[in-house]
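Q: Add 37 to the 1-based position in the sequence shown for the working numbering, that's all there is to it.
Ideal placement from N, C-alpha and C gives every residue a C-beta, glycine not left out.
Okay, here's the structure, questions in a sec.
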Amino acid sequence: MAVWNPWHGCRKVSPGCRNCYVYRRDEEFGKDTRIIARTKSFDLPVKRNRQKAYKLQPEDGPVYTCMTSDFLIEDADPWREEIWNMIRLRTDLMFVIITKRIHRLAECIPEDWGDGYENVTVFCTCENQAYADARLPVFLEVPARHKGIIHEPMLEQIQIERYLADGQIEQVICGGESGPEARLCDYAWILNTMEQCVRCDVPFHFKQTGALFKKGNRIYRIDRKDQMTQAAKAQADYRGKSGQERPVSGPQR
38 MAVWNPWHGC RKVSPGCRNC YVYRRDEEFG KDTRIIARTK SFDLPVKRNR QKAYKLQPED
98 GPVYTCMTSD FLIEDADPWR EEIWNMIRLR TDLMFVIITK RIHRLAECIP EDWGDGYENV
158 TVFCTCENQA YADARLPVFL EVPARHKGII HEPMLEQIQI ERYLADGQIE QVICGGESGP
218 EARLCDYAWI LNTMEQCVRC DVPFHFKQTG ALFKKGNRIY RIDRKDQMTQ AAKAQADYRG
278 KSGQERPVSG PQR
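If you want it as structure tokens, here you go:
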């Protein structure tokens with residue numbers, strides 16, 4: 038797994054953003070997260086080492102793009118064509134784009150996008166039912182070869198089965214919220230989503246418990262370092278009948 042942050046900074050757009058980990062980290066350094074700026078890693082996919090080989094190689098795994106921002110944020114419009122050029126050049130890498138601004142994708146894709154680039158997976162984040170119902174119909178209309186849904190932070194039980202029915206969604210990922218002000222994530226919500234995925238034969242991954250996790254009648258406080266391992270122990274995953282899910286889960290947030 039590799040992370041590529043061509044720009045840094047974001048603005049909150051929905052309830053899932055309330056305790057954003059990027060804001061939390063920036064606050065420690067007195068940094069204003071609302072300022073969007075290019076980073077030194079802007080051209081990471083085309084950077085080369087002393088042997089003239091690309092620093093990022095396919096064996097590094099999926100390249101998670103804009104993990105400290107949103108790929109579709111308006112402030113980055115002047116830079117995005119350069120990013121598409123690098124993604125187009127590095128067809129040997131799989132780029133993962135996670136966004137809460139899926140309504141902007143249609144106006145931000147390059148001219149040769151067609152039905153999507155083979156090396157790009159787009160994930161739409163939906164933290165509750167209201168945003169699932171607002172974003173997912175738009176998402177299903179947007180051309181992209183590889184699509185996934187992320188409930189992170191998952192704030193309530195969410196019904197998405199009707200959005201899985203036509204087979205466009207390749208994977209669903211769920212996770213709780215990290216940080217000292219984390220809101221509760223109920224394991225029953227996770228299992229409910231997994232069951233929806235099983236019925237539609239869509240691969241499912243339970244990524245992290247979050248800091249405040251309910252299982253049955255008990256609520257647990259879980260250290261950040263244990264949130265992904267505890268989720269893995271639950272074995273609440275579904276690979277699909279083919280067993281060939283795209284290997285996308287993402288870094289801890």
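Measure the C-alpha to C-alpha separation of residue 284 and residue 113 and round it to an integer number of angstroms.
A: As a working mapping, residue 284 is identified with position 247 in the sequence shown. As a working mapping, residue 113 is identified with position 76 in the sequence shown. Summary for residue 284: the model assigns pLDDT 48, below 50, so the residue's position carries little reliability; its value from the coordinates is reported in the next sentence. Going by the C-alpha atoms only, they are around 28 Å apart.
Q: Can you tell me whether residue 145 is helix, strand or coil according to DSSP?
A: Translated into the one-based positions of the sequence shown, residue 145 becomes position 108. In this structure, residue 145 counts as helix in the three-state DSSP scheme.
Q: In the DSSP assignment, the beta strand (DSSP E) including residue 234 goes from what residue to what residue?
A: Taking the first residue of the sequence shown as position 1, residue 234 is located at position 197. Note, residue 234: premise wrong, no beta strand (DSSP E); alpha helix (DSSP H) at 224-237.
Q: For residue 270, I'd like the list of residues in its chain whose CB is within less than 8 Å of its CB, leaving aside the five on either flank, ordered along the chain.
A: Here residue 270 refers to the residue found at position 233 of the sequence shown. Contacts found: none.
Q: Measure the alpha-carbon distance for residue 121 versus residue 128 and round it to whole angstroms.
A: The residue you call residue 121 lines up with position 84 of the sequence shown. The residue you call residue 128 lines up with position 91 of the sequence shown. Near 11 Å, if we compare the C-alpha coordinates of residue 128 and residue 121.
Q: Considering only DSSP beta bridges, list what residue 256 is partnered with.
A: Along the sequence shown, one-based indexing puts residue 256 at 219. DSSP, once it has assigned bridges, lists 251 as partnering residue 256.
Q: Over the uninterrupted beta strand (DSSP E) stretch that includes residue 91, give me the two end residues.
A: On the sequence shown, residue 91 is found 54 positions in, with the first residue counted as 1. Run containing residue 91: none; DSSP gives neither H nor E here.
Q: Rounded to whole angstroms, what's the CA-CA distance from residue 204 to residue 102? Just pull it up for me.
A: As a first step, residue 204 is located in the sequence shown; it is residue number 167 there, counting from the start. As a first step, residue 102 is located in the sequence shown; it is residue number 65 there, counting from the start. Taking the straight line joining both Cα atoms gives about 25 Å.
Q: Within 10 angstroms of its Cβ, does residue 223 collect 16 or more other Cβ (buried), or is it exposed?
A: As a position in the sequence shown, residue 223 is number 186, starting the count at 1. Flag for residue 223 reads buried.
Q: Mind the definition here: the stretch 228-245 touches the stretch 188-208 only if three or more C-beta pairs lie below 8 Å; say whether that holds.
A: The stretch 228-245 is in contact with the stretch 188-208.
Q: With burial defined as no fewer than 16 other Cβ atoms inside 10 Å of the residue's Cβ, what is the status of residue 116: buried or exposed?
A: Residue mapping note: residue 116 aligns to position 79 of the sequence shown, counting from 1. Exposed: under 16 other Cβ atoms inside 10 Å.
Q: Per the contact definition of three or more C-beta pairs closer than 8 Å, is the stretch 81-98 in contact with the stretch 136-155?
A: As far as the Cβ criterion goes, the stretch 136-155 does not touch the stretch 81-98, which means the pair count is below three.
Q: Counting C-beta neighbours from all protein chains within 10 Å, is the total for residue 46 16 or more, i.e. buried, or is it exposed?
A: The residue given as residue 46 occupies position 9 in the sequence shown. Residue 46 is buried by the Cβ-count criterion.
Q: Grouping DSSP H, G and I as helix and E and B as strand, with all else coil, what is residue 42?
A: Taking the first residue of the sequence shown as position 1, residue 42 is located at position 5. Correct three-state label for residue 42: coil.
Q: Confirm, please, whether the CB-CB distance from residue 133 to residue 100 is below 8 Å.
A: Looking up residue 100 in the sequence shown gives position 63. Looking up residue 133 in the sequence shown gives position 96. The answer is yes: Cβ separation under 8 Å.
Q: Report the start-end ranges of each alpha helix (DSSP H) in the stretch 173-232 that is 4 residues or longer and not cut off at the edges.
A: Listed in chain order, the complete alpha helix (DSSP H) runs (minimum 4 residues) inside the stretch 173-232 are 198-201.
Q: Is the CB-CB distance between residue 53 and residue 192 below 8 Å?
A: Counted from its first residue, the sequence shown places residue 53 at position 16. Counted from its first residue, the sequence shown places residue 192 at position 155. Against a cut-off of 8 Å, the Cβ pair of residue 192 and residue 53 comes out as a contact.
Q: Indicate the three-state DSSP secondary structure (helix, strand or coil) for residue 154 in the structure shown.
A: The residue given as residue 154 occupies position 117 in the sequence shown. Note: residue 154 maps to coil in three-state DSSP.
Q: Run through the stretch 104-145 for me and flag every whole beta strand (DSSP E) of 3 or more residues, listed as ranges in chain order.
A: With a minimum length of 3 residues, the continuous beta strand (DSSP E) runs that stay inside the stretch 104-145 are 132-136.
Q: Return the residue from the list 242, 267, 262 and 241 that minimises the CA-CA distance to residue 251.
A: Within the sequence shown, the letter at position 214 stands for residue 251. When only C-alpha atoms are compared, the closest one is 267.
Q: Measuring alpha carbon to alpha carbon, tell me which residue in 44, 276, 50 and 125 is nearest residue 242.
A: If you number the sequence shown from 1, residue 242 lands on position 205. Of 44, 276, 50 and 125, the residue nearest in Cα terms is 276.
Q: Using C-beta distances below 7 Å, list every residue in its chain close to residue 149, excluding the 5 sequence neighbours before and after it, in chain order.
A: In the sequence shown, residue 149 corresponds to position 112, counting from 1. So the list is empty, once near-sequence residues are dropped.
Q: In this structure, does DSSP put residue 244 in helix, strand or coil?
A: As a working note, residue 244 is residue 207 in the sequence shown. Correct three-state label for residue 244: strand.
Q: What are the boundary residues of the alpha helix (DSSP H) that residue 58 is part of?
A: As a working mapping, residue 58 is identified with position 21 in the sequence shown. 58-65 is the extent of the alpha helix (DSSP H) around residue 58.
Q: Can you tell me the Cα-Cα spacing of residue 183 and residue 118, whole angstroms?
A: The residue you call residue 183 lines up with position 146 of the sequence shown. The residue you call residue 118 lines up with position 81 of the sequence shown. C-alpha separation (whole angstroms): 20 Å.
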